[in-house]
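K.L.:
Be aware that the sequence shown starts at 207, since it is given in this note's numbering, and climbs by one per residue.
By construction, the Cβ of each residue, glycine as well, lies at the ideal position given by its N, Cα and C atoms.
Bear in mind the structure is a predicted one, so any value in this text is a computation, not a measurement.
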Amino acid sequence: MASVLSPELINSLRAASIEAAVGNTPLLRLRKLARVLPAGVEVYAKAEHLNPGGSVKDRPALSMILAGERSGALRPGMTILDATSGNTGIAYGMIGAARGYPVTICLPKNAHAQRKQILRSFGVELVETDPLQATDGAQIVARELAASDAKFFYPDQYNNPANWRAHYETTGAEIWDQTAGRITHFLAGLGTSGTFMGTTRRLKELNPAIRAIAMQPASPFHGLEGLKHMATALVPGIYDPLVADEQVEVATEDGQELRRRLAREEGLLVGNSSGANVFAALRLALTLPSGSVVVTILCDGGDRYGE
């Protein structure tokens, strides 16, 4: 399969395009929060909230749109359609506006008002779905719409391999380079699972000894937006539980508290899923020997949560 975000393709977008600004985010060492860790243990966070669309989802959205264009599934005059909790929709809206595609997004009615306002600012048409069914319900509606009208290009982020390949080709390689190959543990939450699947696969190719830890909410009813409780949710087709060396859970309250501490102690204004990632990464790091290097993901900015 041809690389959808190869250096050659990225270079072709370099003419001052918004797409060219996706990726190459900083890797930030956590210092104040890490003061309790054993000597010689380091924790880093990949600052994906600094992507131009404000989240880690810029990478897979660009990858899926480019893959659609290359295959001919996405053509001028078509409308991009997908289900999302918000961030992938924002990325579609940004990239769709830049490349000339209308965007329709299905998302739960109880999604944060700030996310809806950002989507509308990009000209995205919103289809609000049953809040009790979360993103699973949004997926069902999106599939029905896609089947009803040939104008729609339905990337289907939960089942599209271009999602995880974006992270295989970029996020994993960046983390390896930014740690100079010193990374020993990678931890990330599961939503579509693309970030974890793609990044882990690339890191494991570079060093099979790297431990990969998948995190998910501790219960079906949670406040960690964008993450899935896999035992009770529609499991994404791109998710393979065998890729993880370990599975861990985080309670909503722990993620929220770490989100607040990241802002006040590290100067990082991020969302609750980022807080959950960092909580789990620090909890893991407390058990590790000197020389361990743990990397996790800051998924999105806190300014889209209204808190």
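1. For residue 292, would you say it is in contact with chain B, using Cβ-to-Cβ distances shorter than 7 Å as the test?
2. To the nearest angstrom, how far is it from the Cα of residue 410 to the Cα of residue 447?
3. Which whole runs of the beta strand (DSSP E) in the stretch 231-286 are 3 residues long or more, in chain order?
4. Could you name the residues of the same chain whose beta carbon sits closer than 7 Å to that of residue 362, not counting the 5 residues immediately before and after it, in chain order?
5. Quick one: what's residue 501 bridged to in DSSP?
6. Report yes if the C-beta distance between residue 285 and residue 266 is below 7 Å; otherwise report no.
7. Look at residue 274 and residue 268 and say whether their C-beta atoms are less than 7 Å apart.
8. Within the same chain, show all residues whose beta-carbon is closer than 7 Å to that of residue 497, passing over the 5 residues directly before and after it, in chain order.
9. Going by the CB atoms, is the gap between residue 405 and residue 373 shorter than 7 Å?
10. If you compare alpha carbons, which of 282, 334 and 304 is closest to residue 358?
11. Give me the DSSP bridge partner(s) of residue 422.
12. Can you tell me whether DSSP reads residue 314 as helix, strand or coil?
13. So, at 7 Å on beta carbons, what are the nonlocal neighbours of residue 228 in its own chain, with the 5 sequence-adjacent residues on each side left out?
14. Tell me which residues share the same chain as residue 501 and place their Cβ nearer than 6 Å to its Cβ, disregarding the 5 neighbours each side in the sequence.
15. According to the Cβ coordinates, are residue 465 and residue 321 closer than 7 Å?
16. Pull up the DSSP beta-bridge partners for residue 400, would you.
17. Could you pull out every residue in the same chain whose Cβ sits closer than 7 Å to the Cβ of residue 360, ignoring the five residues on either side in sequence?
18. Bridge partners of residue 507, per DSSP?
19. Do residue 476 and residue 508 have their CB atoms nearer than 7 Å?
20. Output yes or no for whether 7 Å exceeds the beta carbon distance between residue 440 and residue 422.
21. Look at the alpha carbon of residue 350 and the alpha carbon of residue 386, and state the distance between them as a whole number of angstroms.
22. Can you tell me the Cα-Cα spacing of residue 208 and residue 459, whole angstroms?
23. Is residue 462 closer than 7 Å to residue 420 when the C-beta atoms are compared?
24. Contact defined as beta carbons within less than 8 Å: I believe residue 378 pairs with residue 408. What is the distance between those atoms, to the nearest angstrom?
25. Which residue's Cα is closest to the Cα of residue 401: 456, 262, 468 and 290?
26. Taking the C-alpha atoms as reference points, what is the distance between residue 436 and residue 278?
27. Could you pull out every residue in the same chain whose Cβ sits closer than 8 Å to the Cβ of residue 311, ignoring the five residues on either side in sequence?
28. DSSP on residue 309, reduced to helix/strand/coil?
P.N.:
Result, derived from the coordinates:
1. Here chain B cannot be found, since the structure has a single protein chain.
2. Straight-line Cα distance between these residues: approximately 15 Å.
3. Taken in chain order, the complete beta strand (DSSP E) segments of 3 residues or longer contained in the stretch 231-286 are 233-235 and 248-253.
4. Excluding positions up to five away in sequence, the list reads 288.
5. Per DSSP, the beta bridge partners of residue 501 are 250 and 392.
6. One thing to note: residue 285 has its Cβ no nearer than 7 Å to the Cβ of residue 266.
7. No, Cβ-Cβ distance for residue 274 and residue 268 is not below 7 Å.
8. Within the same chain, residue 497 has close Cβ partners 246.
9. In contact: residue 373 and residue 405 (Cβ atoms closer than 7 Å).
10. Ranking 282, 334 and 304 by Cα distance to residue 358 puts 282 first.
11. Bridge partners of residue 422: 455.
12. Note: residue 314 maps to strand in three-state DSSP.
13. Residues of the same chain with a CB within less than 7 Å of the CB of residue 228, apart from the 5 flanking positions on each side, are 257, 258, 264, 265 and 268 in chain order.
14. Residues of the same chain with a CB within less than 6 Å of the CB of residue 501, apart from the 5 flanking positions on each side, are 250, 381, 389 and 392 in chain order.
15. Taking the C-beta atoms as reference points, residue 321 is found no nearer than 7 Å to residue 465.
16. Residue pairing by DSSP leaves residue 400 without any beta bridge partner.
17. The residues are 287, 288, 348 and 352.
18. Residue 507 is bridged to 476.
19. Between residue 476 and residue 508, the CB-CB gap stays under 7 Å.
20. Against a cut-off of 7 Å, the Cβ pair of residue 422 and residue 440 comes out as no contact.
21. In this model, residue 350 and residue 386 are separated by some 46 Å (Cα to Cα).
22. Reliability of the predicted coordinates at residue 208 is poor, the pLDDT of 49 falling under 50, and the value obtained from them is presented with this limitation in mind. Their Cα atoms are separated by approximately 42 Å.
23. Taking 7 Å as the cut-off, the beta carbon of residue 420 is found no closer than this to the beta carbon of residue 462.
24. Confirmed, about 3 Å.
25. Proximity to residue 401 across 456, 262, 468 and 290 peaks at 262, based on C-alpha coordinates.
26. For residue 436 and residue 278, the distance between alpha carbons rounds to 33 Å.
27. These residues qualify, in order along the chain: 287, 288, 289, 290, 295, 298, 299, 325, 330, 331, 332 and 333.
28. Note: residue 309 maps to strand in three-state DSSP.
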